[in-house]
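Numbering (our numbering), first residue to last: 23 to 123.
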Amino acid sequence: MLSSEYDYIIVGAGSAGCTLANRLTEDPDVRVLILEAGGSDRSPLIAVPLGWGKIVQHRYFDWGYFTEPEPNLDNREVECARGRVLGGCSSINATAYVRGH
């Protein structure tokens, strides 16, 4: 239900944003608005891991970020897939676990 006043506004409906919204709304008196730039995560490209290539290639659910030129990689830029969809990056990870650095 849309309102003109909210107690909290969360930008990004990724894993962290949705978890935070869920925790905040455990109090029934708290009103939370989540803003997400992307669309729904109900696509076969997201549901099937083989769809990941199309997601990145066509930017359906990805922001299209690249790193700065890497001197140790002959100044190549490395693609850095970042989710632009409900669920954020966890929706476009092709069910692969990548350990943090």
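For each residue, glycine too, the CB sits at the ideal point set by N, CA and C.
It should be emphasised that the depicted structure is a prediction, and the values quoted were computed from it without experimental measurement.
Note down the Cα distance separating Leu46 from Val33, rounded to an integer number of angstroms.
Sequence index remark: in the sequence shown, residue 46 carries index 24 (1-based). Sequence index remark: in the sequence shown, residue 33 carries index 11 (1-based). Cα-Cα distance, rounded: 14 Å.
I believe Ser37 touches Gly109 by the beta-carbon criterion, under 8 Å. Please report the beta-carbon distance rounded to the nearest angstrom.
In the sequence shown, residue 37 corresponds to position 15, counting from 1. In the sequence shown, residue 109 corresponds to position 87, counting from 1. Confirmed, about 7 Å.
Helix, strand or coil at Gly110 according to DSSP, with G and I counted as helix
Taking the first residue of the sequence shown as position 1, residue 110 is located at position 88. DSSP, reduced to helix, strand and coil, places Gly110 within a helical segment of the structure shown.
Just to confirm, are Ile114 and Trp74 a CB contact at a threshold of 8 Å?
For the purposes of this step, residue 114 is taken as residue 92 along the sequence shown, with counting starting at 1. For the purposes of this step, residue 74 is taken as residue 52 along the sequence shown, with counting starting at 1. Yes; because the gap between Cβ atoms is below 8 Å, this pair is in contact.
Am I right that Ala103 and Pro71 are in contact with their C-beta atoms under 8 Å? What's the rounded C-beta distance?
Taking the sequence shown and counting its residues from 1, one reaches residue 103 at position 81. Taking the sequence shown and counting its residues from 1, one reaches residue 71 at position 49. The Cβ separation is near 13 Å, so there is no contact.
For Glu99 and Tyr30, what's the separation of their Cα atoms in angstroms?
Locating residue 99 in the sequence shown gives position 77, where the first residue counts as 1. Locating residue 30 in the sequence shown gives position 8, where the first residue counts as 1. Those two C-alpha atoms are separated by around 37 Å.
On the CB-based measure, 16 or more other CB atoms within 10 Å of its CB, does Val107 come out buried or exposed?
Within the sequence shown, the letter at position 85 stands for residue 107. Counting every other CB atom within 10 Å of its CB across the protein chains shown gives Val107 a total of 16 or more, marking it as buried.
Start and end of the beta strand (DSSP E) containing Val54?
For the purposes of this step, residue 54 is identified with residue 32 of the sequence shown, where counting begins at 1. For Val54, the enclosing beta strand (DSSP E) begins and ends at 54 to 57.
Test item: CB-CB of Leu55 and Tyr87 under 8 Å
For the purposes of this step, residue 55 is identified with residue 33 of the sequence shown, where counting begins at 1. For the purposes of this step, residue 87 is identified with residue 65 of the sequence shown, where counting begins at 1. Result no, Cβ atoms of Leu55 and Tyr87 do not sit closer than 8 Å.
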